Structure formats: C-alpha cells, structure tokens
Amino acid sequence: MSLSDGSEAMLDAGTSIALENESTFVNYQLGAVYKPASNGSIYVSYGTSSEPPGSTAGEGGDNISTSNADLDPEESRSYEIGTKWDLFEQKLAATAAVFRTEKTNARYSTAPGRGAPQALGGEQVVNGLELGVSGDITDAWHVFGGYTFMHSEIVDDGPVSTDEGNKIPNVPAHSMSIWSTYDILPDVNLGGGVTYVSHRFANSSNDKKVPAYWLFDAVATYTVQENVDLRLNVNNVFDTTYYVKPYATHFATVGTGRSAVVSTR
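Here the sequence shown stands for residues 15 to 279, numbered as in this note's numbering.
Quick look at the structure:
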C-alpha cells in the first residue's frame with residue numbers, strides 16, 4: 015500500500031495564468047502464489063494506480079490546463095493471473111500471464127473542440143497476454159525475450175464523443191523483444207536482438223497513427239580478465255527510422271538512429 019501526495023503546477027506563458035493541482039491518493043497491490051510443482055508457480059494479483067492531471071507533461075503528455083486543473087486523479091485497476099516454470103534443470107525460465115486494466119473515471123471533453131472543459135467518467139479497458147523466456151538453452155547459448163498482445167478499447171469517452179470502440183492512443187496491439195547470445199570461445203560472446211512494435215494511434219479518434227517498426231541490435235563481449243569485460247553494442251544496426259511515441263498534436267518523437275557504444279564492466 016502506498017500513500018502519495020502529488021502537486022503539479024505551471025504558468026501559461028500566453029495568458030500568465032498560474033495553474034496548480036494537488037492530489038492525495040492511496041494505491042495498493044494484493045497477490046497470491048501457488049506452487050503446483052517444485053519448478054513451477056501460479057500467481058494472481060490485483061492493484062490500483064492513480065494519474066493526476068499534468069503528471070505526464072514531462073513525458074509529452076497532457077499539461078495542466080484550465081480545463082482539467084480542478085479534476086481528481088484518474089484511477090485504474092489491474093488484474094493479472096500468470097505462471098512461471100523453470101525448465102531444462104532450471105536453466106531456462108518460461109512465463110505466461112493474462113491481464114486486464116480498467117480505467118473507469120478517465121478524463122473526457124464536455125464539449126467539442128480543443129481546450130473544452132473536461133470531466134471524469136470515461137472508461138478505457140485493456141485486455142492482454144504476456145509471454146516471456148529467460149535463461150540458457152545450452153551452456154553456451156543464452157536467450158531472453160518476451161511478447162505482449164494488448165487489445166485496447168475506449169468504452170466511454172463522454173456524451174459529445176464518437177470515439178467509443180476505438181483503440182486507446184499509443185497502445186500497440188503487438189510488441190516483441192528477443193535477444194540471443196552465444197559463447198563462441200571461452201572469452202568471446204556474440205549476440206543479437208530484434209524488437210517489433212505494431213502501429214499505434216496518436217489520438218482517440220484513430221485518424222492519426224505511426225507505422226509499425228522492426229529494430230535489430232548486435233553485441234560482442236570479450237572477457238579481458240576475471241571480472242573485467244569489454245563490450246561493443248551496435249544499436250539499430252540498419253538505421254531504421256521509427257517513432258517512439260505519437261502525439262495527437264501532429265508530431266511524434268523520433269527514435270534513436272544507428273549508434274555504437276564501447277563499455278567495460
């Protein structure tokens with residue numbers, strides 16, 4: 015259980031109006047685990063979360079405005095049931111989970127047009143599936159990755175909206191990341207990874223979107239001596255243009271191009 019006291023403030027440069035929102039909210043998580051076998055477990059969990067107006071402004075989300083400064087936080091409930099199994103003499107862990115997230119007091123506009131006053135009472139739902147794997151296939155072959163499917167829906171977006179049934183902005187239906195490395199010599203390890211994210215909508219009307227993308231990365235590690243590794247990472251090997259996050263206001267954050275990083279650890 016957590017007790018949070020949040021405060022967001024901003025000064026509108028155009029109108030010189032100072033806006034502030036202060037919120038106090040309690041969130042909690044509950045869970046239970048059952049082990050049907052020594053190498054496997056099944057769990058259930060339930061949790062809540064809160065998002066005050068303006069709390070995502072630093073990430074390019076909604077700012078505090080005259081339309082939402084007086085609103086309480088949006089509240090979400092999450093349900094999950096999953097399982098984890100250790101395979102191949104506990105060298106490889108496989109996981110699977112289904113989940114549902116409900117937001118039953120989402121903010122919505124009370125009138126057409128940007129900047130219209132907002133109210134609480136909208137509803138959004140995400141149902142999903144997660145699969146994961148991590149560990150060793152052989153003593154020299156290592157793999158880890160995961161896949162997530164999410165079916166999102168705007169169930170209720172207020173009395174003046176026609177967005178009911180549309181997808182929630184910036185929620186991809188499919189996302190995947192898989193990495194594999196192999197010890198080709200006792201002191202040399204080579205590997206690569208692939209990431210996929212399906213298309214995402216930028217707004218609740220679903221008339222703006224960014225395309226799906228694939229990214230490929232590579233890594234080489236050389237063990238100089240015990241506890242000292244030299245590593246080369248090449249990210250976005252094919253210099254793919256992709257968009258990390260779309261926004262409703264006609265722009266999107268562009269992802270990082272090809273880069274190479276040498277590090278030691």
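All C-beta atoms, glycine included, are put in the ideal place defined by N, C-alpha and C.
Only a predicted model underlies this, so the values are computations on that prediction, with no experimental measurement involved.
- In chain order, 255, 256, 257 and 258 place their CB closer than 8 angstroms to the CB of residue 268, counting only its own chain and leaving out the 5 sequence neighbours on each side.
- Between residue 100 and residue 110, the C-beta spacing is not below 8 angstroms.
- Taking one beta carbon from each stretch, the region 184 to 203 and the region 157 to 176 have 3 or more pairs nearer than 8 angstroms; the two touch.
- When DSSP states are grouped into helix, strand and coil, residue 114 belongs to the strand group.
- Counting the other Cβ atoms within 10 Å of the Cβ of residue 136 gives 16 or more, which makes it buried.
- Taking a contact as a CB-CB distance under 8 angstroms, the pair residue 249 and residue 272 counts as one, their CB atoms being some 7 angstroms apart.
- Residue pairing from DSSP places residue 165 in a beta bridge opposite 141.
- Residue 276 and residue 208 have their C-alpha atoms some 20 angstroms from each other.
- Here DSSP, grouped into helix, strand and coil, assigns residue 253 to coil.
- A direct Cα-to-Cα measurement between residue 121 and residue 235 gives close to 48 angstroms.
- Between the alpha carbons of residue 91 and residue 149 lies a distance of about 32 angstroms.
- According to DSSP, residue 56 shares a beta bridge with 48 and 97.
- In the three-state DSSP reduction, residue 219 falls in the coil class, being neither helix nor strand.
- Residues of the same chain with a CB within less than 7 angstroms of the CB of residue 178, apart from the 5 flanking positions on each side, are 168, 169, 170 and 171 in chain order.
- Rounded to the nearest angstrom, the gap between the Cα atoms of residue 212 and residue 119 is 27 angstroms.
- Considering only 260, 133 and 217, the residue with the shortest C-alpha distance to residue 88 is 133.
- Comparing alpha carbon positions, the residue from 219, 200, 227 and 247 closest to residue 238 is 200.
- In the assembly as shown, residue 65 is a buried residue. Its beta-carbon has 16 or more other beta-carbons within 10 Å.
- The beta carbon of residue 166 sits closer than 6 angstroms to the beta carbons of 140, 181, 182 and 185 from its chain, once the five residues preceding and following it are set aside; these are given in chain order.
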